[in-house]
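Heads up: the sequence shown at position 5 corresponds to -2 in the working numbering, and the numbers run straight through without jumps. For glycine and all other residues, C-beta sits at the position ideal for the given N, C-alpha and C. Take a look at the structure below.
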Amino acid sequence: MIPETLQQLLPLLPEVPATSVSEVRLSALSRIYISIYKLIVVNGLDDELGDRIRYERMIDALFERGWACYSRLKHFEIRGRLLHTLFSLTFEPGAVADEHRAAACIRAADALVREYLATLRTTRKGTDPEGQADVMRCAADLAFPGRNDRPAYRILYRERLTAWAAALRSDGSWPGLSRNDALRRIGLMNRDSYMFPEGGYEPEARRAFAHYVEGFEFPGSSESCGWPEIFDLGLLYEILVQGNLWRVDEALVGRIVSEVRNFATRHAGTDADEWVYCLSILVQHACEKYGEALQPGIV
């Protein structure tokens, strides 16, 4: 039987837009429908949650909307985030990725990283300009084992992690860096530890984790929690459920979900991007919890 938490969320799910969509909304919708699709496929829940083909079509439509939007974007930061979402829509849902979409994502990521590096050489903006973490996430997508045969991306990606590790203070902080960008760095450093067996950044990743994640200061009340805080909470949630270098803190995850639910409740009925973003975290968490509950009966 579907848990009540997930049952309450299903009627709220937005449809895939027929026209262009913002990067935030596309990312949120992708998180929603990938989470449900994976739950159905892994546990055989077509009768309970709907035919998996329906969700496959939604994922297909989201990729098409995102791909159509991508070419019109200018900022590296937003392009990097959207392209990572397109990678997720291509590689996460199933064991075998669509060859044409995979090739398109790889070409686009290759072009983005090259353009970014060329811009750095031309503008001399410094060592860590806006959007670097998002572009490096695309470099990580390219460097993922078995996905691309060009070692240059792995070298570039790990060179940047080396620079981040060297810049980290003894207390686990990066001077002058926003919490949002710091959380992005931590997620990439943790990802590196399971992508490449040689590792090398575990001590720095754990130190930064302790500073920015374990020391995360929550808003004083749900009313004081605004969109910037919610976006940070979303990144924090992603880092926590990654696990790998750290144990999943269920109490902290639960508090994040509670804060996100409060924000979503206050904005219910608006259909704003912020509300859909919150809904995506709630759906992902509900799907993960249901999947965990079902696993003992499947193994």
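N-terminal and C-terminal residue of the alpha helix (DSSP H) that residue i is part of
| i | result |
| --- | --- |
| Y230 | 220 to 235 |
| G247 | 243 to 259 |
| P190 | No alpha helix (DSSP H) holds P190; DSSP gives it neither H nor E. |
| I(-5) | Counting along the chain, I(-5) falls outside any alpha helix (DSSP H), and DSSP gives it neither H nor E. |
| A21 | 16 to 36 |
Supposed contact pair residue j and residue i - C-beta distance, whole angstroms, cut 8 Å
| i | j | result |
| --- | --- | --- |
| I232 | L176 | 6 Å |
| C271 | S28 | In fact, because the Cβ distance is near 14 Å, the residues do not count as touching under 8 Å. |
| W239 | F202 | 6 Å |
| Q277 | R24 | 6 Å |
| L75 | L19 | 7 Å |
| A257 | L275 | 7 Å |
| P86 | I33 | Not confirmed; about 10 Å, so no contact. |
| L(-1) | Y283 | 6 Å |
| V14 | R58 | 5 Å |
| L149 | A132 | 5 Å |
| Y187 | N237 | 5 Å |
| L105 | G73 | 7 Å |
Residue nearest to residue i in terms of C-alpha spacing, selected from the options
| i | options | result |
| --- | --- | --- |
| R178 | E252, I(-5), N255, D225 | D225 |
| T78 | D127, N36, T155 | D127 |
| E332 | W220, D103, D242, D264 | An answer regarding residue 332 cannot be provided, because it is not within the stretch -6 to 292 covered by the chain. |
| F137 | A160, D185, A111, L161 | D185 |
| S163 | F80, T12, R200 | R200 |
| V9 | V35, E(-3), R50, N36 | R50 |
| T155 | V250, R58, M182, F84 | M182 |
| G124 | I71, A159, D264 | I71 |
| P110 | G139, S81, R153 | The residue you asked about is not Pro; residue 110 is Leu in the sequence shown. The residue with the shortest Cα to Cα distance from L110 is R153. |
| V241 | G262, A265, E207 | E207 |
| A90 | G139, V17, H204 | G139 |
| F211 | R107, Y187, R172, L105 | R172 |
| D134 | R100, E108, G165 | R100 |
| E222 | V250, Y146, N237 | V250 |
| A113 | A11, G262, F69 | Looking at the sequence provided, one finds Leu at residue 113 rather than Ala. Residue F69 is the option with its Cα nearest to L113. |
| T12 | L55, A244, I(-5), L82 | L55 |
| Y146 | R107, W167, R248 | R107 |
| D44 | A61, W60, Y26 | Y26 |
| R130 | A158, P168, D174, W167 | D174 |
| A198 | G180, F209, E191 | G180 |
| C62 | K31, N36, V17 | V17 |
Residue i CB to nearest heavy atom of the ligand NAP below 7 Å
| i | result |
| --- | --- |
| Y283 | The model on display carries no ligand, and the ligand NAP is accordingly not part of it. |
Along the chain, which unbroken stretches of the alpha helix (DSSP H) at least 4 residues long are found entirely within the stretch 91 to 163?
92 to 116, 125 to 136, 144 to 160
Discussion item. Can you confirm whether the stretch 35 to 43 touches the stretch 86 to 96 when touching is taken to mean that 3 or more C-beta pairs between the two stretches lie within less than 8 Å?
Written reply: no
For this session: Please specify which runs of the beta strand (DSSP E), each continuous and at least 3 residues long, are wholly inside the stretch 38 to 92, giving them in chain order.
Result: none
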